[in-house]
Each structure stands twice: as C-alpha cells, then as structure tokens.
Amino acid sequence: MTGYPDSYYAATAVGVRDYAVLQGDRRADVCVIGGGFTGLSTALNLVEQGFDVVLLEAERIGFGASGRCGGLIGSGQRKDALETEEMFGLRLSKELWDFAELAKREIRYRIRTHDIPCDLQSGQLVGIHKQRYLGWAQELADVLADRYAYPFCTVLSAAATRQYVATDAFLGGLYDSEALNLHPLNYTLGIARAAAEAGVRIYESSRVLSYSQTDPARVMTDHGSVSAAFVVLACNGYLGDLEPRVASKMMPINNFMVATEPLGESRARDLINGRFGVHDTRFVVNYFRLSDDHRLLFGGGENYRPGFPADIASFVRPYMLRVFPQLADVAIDCAWGGTLAVTVNRLPHIGKLEPNVFFAQGYSGHGISTATFAGKVIAEAITGTADRFDVFADLPTRVFPGGTWLRYPGMVLGMLYYTIRDRM
Ligand SMILES: Cc1cc2nc3c(=O)[nH]c(=O)nc-3n(C[C@H](O)[C@H](O)[C@H](O)COP(=O)(O)OP(=O)(O)OC[C@H]3O[C@@H](n4cnc5c(N)ncnc54)[C@H](O)[C@@H]3O)c2cc1C
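Offset between the sequence shown (1-based) and our numbering: plus 3.
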C-alpha cells in the first residue's frame with residue numbers, strides 16, 4: 004500500500020482513503036499536527052463539539068506508531084497502580100486508573116458507533132519471567148480488587164499459565180479479562196474516516212515545517228498554510244525538531260515486530276489458547292498475540308538511535324524463539340519497526356506551551372488508550388473544560404539527562420543496566 008511501511012497491518016488494512024495534500028492557505032479553529040491516535044482523537048472530539056478542524060499529517064494516516072504497534076490495550080497507565088500509588092498517593096493514582104478505564108470505554112464506544120472493523124478482542128496475560136514478580140502479581144491483583152474496584156485480574160500458577168501460552172519462559176501469570184487488543188492500523192483508519200465524515204479536513208503528505216507563536220498561529224507546510232486559533236502537536240516519536248521545547252522531555256525509541264506465516268488454526272491454538280494479548284515482565288518487553296488468520300504477531304527488541312536494523316526479521320526472531328523454540332521451522336512473512344516516545348518517569352507528557360498551543364506525547368509503549376484519552380482531554384481543554392487535562396498537565400516530567408543531543412548515549416547505558424538486571 005503506497006506510503007505505508009511493509010507490515011502485516013498494511014497488508015490487511017481495511018478502509019484506506021487517500022486524503023489530499025494541503026495546497027494554499029486555509030483558516031480553522033484548530034490545526035492538529037499528526038495523524039495517529041492522539042491527533043485523530045483530538046480532531047474527532049473537537050469536531051463533535053462544533054469546532055472547525057484541520058489535521059495535517061506528514062505522511063499517511065496511521066503512518067507512525069499508531070499504525071504499526073502491538074495492538075495491546077492494557078488496563079491502567081504504563082506505570083502500574085502500585086507504582087502510581089507510591090508516586091502520588093491513592094487519590095491521584097485512582098484518578099489515573101479511572102481515566103484509563105474511561106479510555107478503554109471510549110475505544111469500545113468509537114468502534115461500535117463508527118462501525119470500525121478492527122478485530123477487537125478481550126483479555127491480556129502478563130507472563131512472569133522472574134520469581135520476584137510473582138509476589139508483585141498477587142499484590143497488584145489484590146490492590147486492584149480492593150481499592151480500585153477492579154476484580155478482573157487473576158493470578159495464575161506456572162501450570163495454569165501454560166494452559167494459556169505454550170512456553171516454559173513464564174513462572175506464572177496475571178490474567179486481565181477486561182484488557183483489550185485490536186488491529187491498530189484499521190482502528191486508526193476508522194477513526195480518521197469518522198473524523199472526516201464529521202467535517203475534519205484531513206490532509207496527508209503535508210508535513211508541517213514550522214508554526215508561528217502568534218494568535219492566531221500560522222502553520223506552514225511546503226505547499227500551504229493554516230491560520231488557526233489553536234495548534235495541537237500530536238507527533239510523538241516522529242516530532243523531529245519541530246518543537247524543541249517538548250523534544251527534550253521525551254526520547255524516541257524504535258521497537259520491532261514480526262508476523263509469522265499462517266500457522267493453521269490448530270497449531271496457533273496450541274501456541275496461544277485464545278485471542279488475548281500477552282506481554283512479559285522484562286524491561287525490554289516481549290509482546291505477542293494471534294491474528295485472525297492464525298499468525299503469531301510478535302514484538303521484541305528495540306534500539307535507541309535513529310534508524311532500524313537492516314534485517315528486522317533476523318533481529319526479532321531470536322526474541323521470538325526464546326519464548327517459542329517450537330517455532331524454529333516457521334517462516335516470518337513480514338517484519339517492521341516503529342518509533343515510540345518514552346518519558347523519564349514513563350508517564351505521559353501532556354500540556355500547553357502557549358495559551359493556544361497544546362501537545363501530548365511520551366506514552367512509553369502504552370499509547371493506544373493513553374493517546375486516545377489525551378486527545379479527548381486536549382479537546383475538552385480547548386472547549387473550555389480543563390479539569391481532566393490539568394490532572395495530566397500537573398504530572399511531573401523531567402528533561403532527559405543530556406537533553407535532546409546526549410539522551411541517546413544515556414539511554415543506551417540505562418537500557419544495558421536493565422537488560423543485565425532482567426537476565427540476573
Ligand atoms: C512497534 C511498536 C509497538 C507498540 N505496541 C504498543 C501496544 O501494544 N500497546 C500500546 O498501547 N502502545 C504500543 N505502542 C505505542 C503506541 O503505538 C504509541 O504510543 C501511539 O501510537 C502514539 O500515538 P500518536 O498519535 O501520539 O503518535 P504516532 O502514531 O506516532 O503519530 C504521530 C504522527 O505525526 C506525524 N508527524 C510527525 N511530524 C509531523 C509534522 N511535522 N507534520 C505533520 N505530521 C507529522 C507522523 O507522520 C505520525 O503519523 C507501540 C509502539 C511501537 C512503535
């Protein structure tokens with residue numbers, strides 16, 4: 004499919020539309036920059052409130068992480084409830100948990116309302132790879148049931164975990180029956196269709212080169228401009244040097260996935276006993292699930308520099324075989340990578356740079372629900388209700404040690420430390 008990287012998702016995309024290139028000068032209430040979960044959610048929520056919205060995407064809708072990711076929608080934030088409680092106390096931790104629950108509800112609502120064919124499935128297993136996480140799993144399940152009114156997590160023994168996933172890599176598991184997974188590119192394309200039908204003017208191949216810090220702002224592309232009362236930066240790991248004021252607070256990292264050849268229904272079911280998603284407790288996480296045509300979609304391995312490995316399939320394959328050595332004879336049909344953004348504390352970085360310039364980024368690998376909700380709260384803030392936006396905007400964020408230039412060497416060292424710790 005033109006303009007998309009080769010991926011299983013691009014090969015099975017449904018409802019791709021071509022949107023025009025921005026030519027000439029336009030006016031709008033809001034100009035959203037970036038056509039992933041963040042930008043599209045912002046645009047759709049705004050147009051539903053009667054705002055006139057232009058969305059500019061440098062490449063294609065869903066070209067970034069949103070159209071390439073694992074598709075796993077975990078409950079809560081990227082930091083679990085035990086961690087957020089320790090960081091912020093019970094009240095704020097519960098608020099963040101509830102937001103994540105609302106995000107799952109929003110995704111379900113959007114899929115239903117706009118009839119988006121994105122293969123939504125339920126359930127998620129966390130595979131525990133080290134003894135010390137067994138206690139963590141029990142404590143988390145208990146705390147979620149007792150203090151967060153979330154009784155849907157079950158702790159599994161090693162033998163029970165093996166009934167779910169045919170691997171010896173896990174010493175136990177934590178199964179969350181209310182987590183979700185979906186085909187992320189088809190979800191993104193469906194939200195874009197809904198936004199366009201509601202009146203958002205979407206332009207593809209329209210990279211924003213700069214914007215003025217004025218009111219109204221003037222957003223410039225190669226062939227046109229948009230004059231808008233508000234600007235929303237929704238570029239995440241693909242931000243580049245468009246806005247140095249937020250670039251130093253996140254770190255773009257590359258993560259990689261493969262799709263195997265079709266395994267056939269019975270071999271696929273022997274491997275994973277359902278359509279739930281799985282990830283492990285490693286710092287550089289392995290995550291996987293079955294596709295509806297019985298392939299294994301497996302994500303593993305990342306790098307911390309601009310550029311992908313020349314042979315992504317060979318890069319990911321050893322991660323896959325460590326979990327599933329029984330797949331040694333299986334061919335990989337497709338391999339791809341994407342760029343996400345992490346923050347120092349792994350919580351999203353959402354805020355305002357000027358009274359009329361909003362941004363959201365740094366979902367740290369937990370973006371499907373968080374980016375969707377970020378778009379919603381930015382739209383709320385623009386329409387005049389900033390309560391939920393302020394909760395996120397008040398979360399602490401730190402500049403990466405070394406700033407924009409030296410964050411990569413720092414990150415490599417940090418990741419090396421955690422990778423060694425994972426193995427010990
Ligand atoms: C391999 C991989 C696996 C992942 N797995 C999961 C998972 O299983 N679950 C989960 O919750 N999260 C996962 N994530 C993270 C998740 O995909 C992201 O957090 C989320 O997609 C971010 O959405 P976004 O809209 O903010 O950014 P993106 O989807 O990256 O969109 C940003 C868009 O901005 C555009 N853009 C950039 N600069 C400009 C410009 N100057 N002008 C115009 N447009 C511009 C880009 O082209 C891009 O399309 C994964 C990420 C990757 C890469």
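Just so you know, even glycine gets a beta-carbon here, dropped at the ideal spot from N, CA and C.
Every value quoted in this text rests on a predicted model; they were computed, and no experiment measured them.
(1) Between 156, 346, 170, 33, which lies nearest to residue 141 when the distance is taken from Cα to Cα?
(2) Does the segment 325-335 come close enough to the segment 261-281 that 3 or more CB-CB pairs lie under 8 Å?
(3) At which residue ranges does the segment 150-182 contain complete alpha helix (DSSP H) runs of 4 or more residues, listed in the order of the chain?
(4) For residue 364, does the count of other Cβ atoms within 10 angstroms reach 16, so buried, or fall short, so exposed?
(5) Using beta-carbon positions only, say whether residue 373 and residue 399 come within less than 8 Å of one another.
(6) Could you give the DSSP three-state label for residue 363: helix, strand or coil?
(7) Could you have a look at residue 262 and say whether DSSP puts it in helix, strand or coil?
(8) Measuring alpha carbon to alpha carbon, tell me which of 382, 25, 360, 50 ends up nearest residue 201.
(9) Return yes when the Cβ of residue 78 is within less than 8 Å of the Cβ of residue 125, no when it is not.
(10) For ligand 3, is there any heavy atom lying closer than 7 Å to the beta carbon of residue 69?
(11) Comparing alpha-carbon positions, which option in 128, 106, 151 lies nearest residue 93?
(12) Could you say if the segment 114-132 and the segment 180-190 meet the contact criterion of at least three C-beta pairs nearer than 8 Å?
(13) Can you tell me whether DSSP reads residue 224 as helix, strand or coil?
(14) Based on DSSP bridge pairs, tell me the residues matched to residue 344.
(15) Threshold first: 3 residues or longer. Then list the beta strand (DSSP E) segments lying entirely within the segment 29-113, N to C.
(16) I need the DSSP call for residue 138, collapsed to helix, strand or coil.
(17) Of all the options 61, 199, 100, which has the alpha carbon lying nearest to the alpha carbon of residue 213?
(18) Hey, how far is the Cα of residue 247 from the Cα of residue 266?
(19) Quick one: grab the DSSP three-state call for residue 291.
(20) To the nearest angstrom, how far is it from the Cα of residue 378 to the Cα of residue 39?
(21) Counting pairs of Cβ atoms below 8 Å between the segment 96-112 and the segment 214-233, do you hit three or more?
(22) In or out: residue 118 buried (at least 16 other Cβ within 10 Å) or exposed?
(23) Measure the C-alpha to C-alpha separation of residue 199 and residue 139 and round it to an integer number of angstroms.
(24) Within 10 Å of its beta-carbon, does residue 84 have 16 or more other beta-carbons around it, so buried, or fewer, so exposed?
(25) Would residue 207 pass as a contact of residue 64 if the rule is Cβ separation under 8 Å?
(26) How about residue 55 and residue 31: are their beta carbons less than 8 Å apart?
(27) For the structure I just gave you, are there three or more beta carbon pairs, one from the segment 342-356 and one from the segment 11-28, closer than 8 Å?
Reading from the atomic positions:
(1) By one-based count along the sequence shown, residue 141 stands at place 138. The candidate whose alpha carbon is nearest that of residue 141 is 156.
(2) Cβ pair count under 8 Å is three or more, so yes.
(3) You should have 161-167.
(4) Here residue 364 refers to the residue found at position 361 when the sequence shown is read from its first residue. Buried.
(5) Sequence index remark: in the sequence shown, residue 373 carries index 370 (1-based). Sequence index remark: in the sequence shown, residue 399 carries index 396 (1-based). No, the pair does not count as a contact, with Cβ atoms beyond the cut-off.
(6) By 1-based counting over the sequence shown, the position of residue 363 is 360. In the structure shown, the three-state DSSP call for residue 363 is strand.
(7) Looking up residue 262 in the sequence shown gives position 259. Secondary structure at residue 262: strand, using DSSP grouped into helix, strand and coil.
(8) In the sequence shown, counting from the first residue as 1, residue 201 sits at position 198. Checked all of 382, 25, 360, 50; the closest Cα to residue 201 is 50.
(9) Counted from its first residue, the sequence shown places residue 125 at position 122. Counted from its first residue, the sequence shown places residue 78 at position 75. No Cβ-Cβ contact shorter than 8 Å links residue 125 with residue 78.
(10) Judged by which ligands are present, ligand 3 is missing from the structure shown, whose ligands are ligand 1.
(11) The count along the sequence shown starts at 1 and reaches residue 93 at position 90. Residue 93 has its Cα closest to that of 151, out of 128, 106, 151.
(12) With a cut-off of 8 Å, the segment 180-190 and the segment 114-132 count as touching, because enough Cβ pairs lie within range.
(13) Position 221 of the sequence shown holds residue 224. In the displayed model, residue 224 falls within a strand according to three-state DSSP.
(14) Sequence index remark: in the sequence shown, residue 344 carries index 341 (1-based). In DSSP, residue 344 forms a bridge with 255.
(15) Counting whole runs of 3 or more residues, the segment 29-113 contains the beta strand (DSSP E) stretches 56-59.
(16) Indexing the sequence shown from 1 puts residue 138 at position 135. Residue state, collapsed to three classes: helix.
(17) In the sequence shown, residue 213 corresponds to position 210, counting from 1. For residue 213, the nearest C-alpha among the options comes from 61.
(18) Working through the sequence shown from its first residue, we reach residue 247 at position 244. Working through the sequence shown from its first residue, we reach residue 266 at position 263. Distance between the alpha carbons of residue 247 and residue 266 is about 46 Å.
(19) As a working mapping, residue 291 is identified with position 288 in the sequence shown. Shown here, residue 291 sits in a strand according to DSSP, grouped into three states.
(20) Within the sequence shown, numbered from 1, the residue matching residue 378 stands at position 375. Within the sequence shown, numbered from 1, the residue matching residue 39 stands at position 36. Those two C-alpha atoms are separated by around 10 Å.
(21) The segment 96-112 and the segment 214-233 do not touch, with fewer than 3 CB-CB distances between them shorter than 8 Å.
(22) The count along the sequence shown starts at 1 and reaches residue 118 at position 115. The Cβ neighbour count for residue 118, taken over all protein chains shown within 10 Å, is under 16; the residue is labelled exposed.
(23) Within the sequence shown, residue 199 is the residue found at index 196, counting from 1. Within the sequence shown, residue 139 is the residue found at index 136, counting from 1. Near 44 Å, if we compare the C-alpha coordinates of residue 139 and residue 199.
(24) Numbered from 1 along the sequence shown, position 81 holds the residue referred to as residue 84. By the Cβ neighbour-count rule, residue 84 is buried, with 16 or more other Cβ atoms within 10 Å of its own.
(25) One-based indexing of the sequence shown puts residue 207 at position 204. One-based indexing of the sequence shown puts residue 64 at position 61. Closer than 8 Å, so yes.
(26) Within the sequence shown, residue 55 is the residue found at index 52, counting from 1. Within the sequence shown, residue 31 is the residue found at index 28, counting from 1. Result yes, Cβ atoms of residue 55 and residue 31 sit closer than 8 Å.
(27) In short, these stretches do not touch, since the Cβ pair count stays below three.
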